[in-house]
Amino acid sequence: MPYQFLAAPLSLYSGKVRGYLRWKNIPYREILANRDIYEHEIVRRVGYPIIPVLLTPNDETIQDTTDIIDYLENHEPGPSVYPDGDLQKLVALIFELFGDEYLVIAAMHYRWAYNKEYAWGQFGKTL
């Protein structure tokens with residue numbers, strides 16, 4: 001059974017993991033995180049409603065983009081997303097932290113502040 005990726009099409013963090021899975025050519029099945037999935041899978045496994053969530057072939061539950069990528073880096077063959085050198089890897093991780101924690105503020109503003117009808121429509125599709 002391939003990985004199961006519980007996500008949403010417009011989720012910024014789902015997009016990060018989706019891009020990684022495609023780049024690494026890892027087989028996966030994406031499952032739309034609708035109300036049913038949140039209730040019966042995500043909350044049951046994680047304890048609260050959040051995406052993305054990766055279910056491994058061994059039925060492990062991994063949540064958080066960095067944890068998902070680190071898990072896959074350690075369990076899947078192929079080139080690493082991280083540079084080889086220690087200093088270069090540190091810089092890459094700092095960029096990832098900056099993007100995940102600080103650039104997300106601007107990303108969410110510019111993504112959702114200007115076309116409210118579109119935003120509500122997209123969120124409505126997951127209910």
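Note that full-length UniProt numbering gives residue 16 to position 16 of the sequence shown, counting from 1, and the numbers run on in steps of one.
Even glycine gets a Cβ: it sits at the ideal position worked out from N, Cα and C.
1) Am I right that L54 and F5 are in contact with their C-beta atoms under 8 Å? What's the rounded C-beta distance?
2) Using a Cβ-Cβ cut-off of 6 Å (strictly less than) and excluding sequence neighbours within five positions of V43, which residues of its own chain qualify?
3) By how many angstroms is the C-alpha of D70 removed from the C-alpha of G78?
4) Assuming Y3 contacts P57 under a Cβ cut-off of 8 Å, what Cβ separation, rounded to an integer in Å, is found between them?
5) What separation, rounded to the nearest whole angstrom, lies between the Cα atoms of L10 and L103?
6) Could you spell out the range, first to last residue, of the alpha helix (DSSP H) harbouring T61?
Let's see:
1) L54 to F5, Cβ: 6 Å. Contact.
2) Hits under 6 Å: P49.
3) C-alpha separation (whole angstroms): 13 Å.
4) Y3 to P57, Cβ: 7 Å. Contact.
5) Straight-line measurement puts the Cα of L103 at about 16 Å from the Cα of L10.
6) Per DSSP, T61 lies in no alpha helix (DSSP H); the unbroken beta strand (DSSP E) holding it starts and ends at 61-63.
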